[in-house]
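If you count by the numbering used here, then the sequence shown holds residues 11 to 236, one letter each, in order.
Heads up, the beta-carbon is just placed ideally off N, CA and C, and yes, glycines get one too.
Note that the structure is predicted; figures quoted are calculated from it, not measured.
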Amino acid sequence: MAGVPEAATGHAEAHAHHPPYLQHHFVSAEQQFDAAKLGMWLFLVTEILLFSGMFVAYAVYRVWHPEVFQAASKLLDWRLGGLNTIVLLTSSFTVALAVHYAQLGDKKRLVQNLWLTIALAGVFMVVKYFEYSEKFHHHIFPGGNYAYEGLQLPYVGQFFSIYFVMTGIHGLHVLVGMGVLTWVALKAQRGVFSSEYYTPVEISALYWHLVDIIWIFLFPLLYLIH
């Protein structure tokens, strides 16, 4: 075109072939995906560091007062904890299926598995609600507020402080995951994702797998130390 610099023409042509999901500061979809995945892994490292501090606190108090931890853990219902473990493991499978179907461009199964994962997360939170309610009913509170007459031992309140902090923060992560997966599911229903673009699906799945893995450690440490 006369009067139009060659560089400007090349830029216009590149922009015309620019996919709508590709941010302007990335050269290609592959580069954008790699950057997003790296960012998520860095975020997950900070999450691991957060829980690592709590695991260290757990280890120290358990070494100091092993008999208290063994006695206090008997007040936790391992059946409910086991049920929630099965629920989260199943949700990891369904979210992995969601990524698989996103890669295949199967919108229907992608959406189905995303909503199934969210539903399983909801089941986890309902079970945790009943578990917490039962503890509060018996005045099993953290720290100095512990007032359960069925088990009166020094430092038992510290065990339940660790229990409520670790499971509470984990539960908060489950709620955040439900929110993120709901956002992804709604976008999937609108047909935003395809076999060429499914980055948010895989990134949110990575986060959800971490939430599940953390629970895999919490369950035996808190419920199965008799």
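Only counting the same chain, and skipping five residues up and downstream in sequence, which positions put a Cβ closer than 7 angstroms to that of residue i?
i    : result
V184 : A131, F134, M135 and V221
G167 : P152, G153, G154 and Y156
K117 : A198 and G201
T192 : I128
I150 : L85, Y156, Y158 and F170
S205 : Q113, L114 and G115
L99  : D222
L161 : A81, A82 and L85
Please check the pair residue i and residue j, which I expect to be a contact at CB under 8 angstroms, by giving their CB distance rounded to whole angstroms.
i    : j   : result
W218 : S62 : Rounded, the Cβ-Cβ distance is 20 angstroms, inconsistent with contact.
Who are the Cβ neighbours of residue i in its own chain at under 6 angstroms, not counting the five residues just before and after it?
i    : result
Y233 : L86, W88 and G91
H75  : Y165
N94  : F134 and V137
Y71  : Q168
V97  : L130, V133 and F134
R119 : Y111
Run through DSSP, which three-state label would residue i get?
i    : result
S214 : helix
G201 : coil
A26  : Confidence in A26 is poor, its pLDDT being 46 and thus under 50, which makes the residue's placement too unreliable to answer from.
F151 : coil
G115 : coil
L86  : coil
Y165 : coil
H75  : coil
L232 : helix
E144 : helix
H219 : helix
E57  : helix
G160 : coil
Y208 : coil
A12  : Residue placement at A12 is flagged as unreliable, the pLDDT there being 43, under the threshold of 50; the coordinate-derived value follows with that caveat. If DSSP states are grouped into helix, strand and coil, A12 belongs with coil.
Compare the beta carbon distance of residue i and residue j with 8 angstroms and say whether it is the shorter of the two.
i    : j    : result
H147 : Y158 : no
I128 : M188 : yes
Q113 : Y207 : no
F169 : A82  : yes
F79  : I235 : yes
E215 : A106 : The sequence as given places Ala at residue 215; Glu does not occur at that position. It is a contact, given that the beta carbons lie within the stated cut-off.
V109 : V211 : yes
G181 : K138 : yes
Taking only beta-carbon atoms, is residue i less than 8 angstroms away from chain D?
i    : result
Y158 : Included in the structure is just one protein chain, with no chain D present.
Grab me the residues of residue i's own chain with a C-beta within less than 8 angstroms of its C-beta, minus the 5 sequence neighbours each way, in chain order.
i    : result
M64  : I172, V175, M176 and I179
A195 : V121, L124, W125 and I128
M50  : I213, L216 and Y217
A67  : I172
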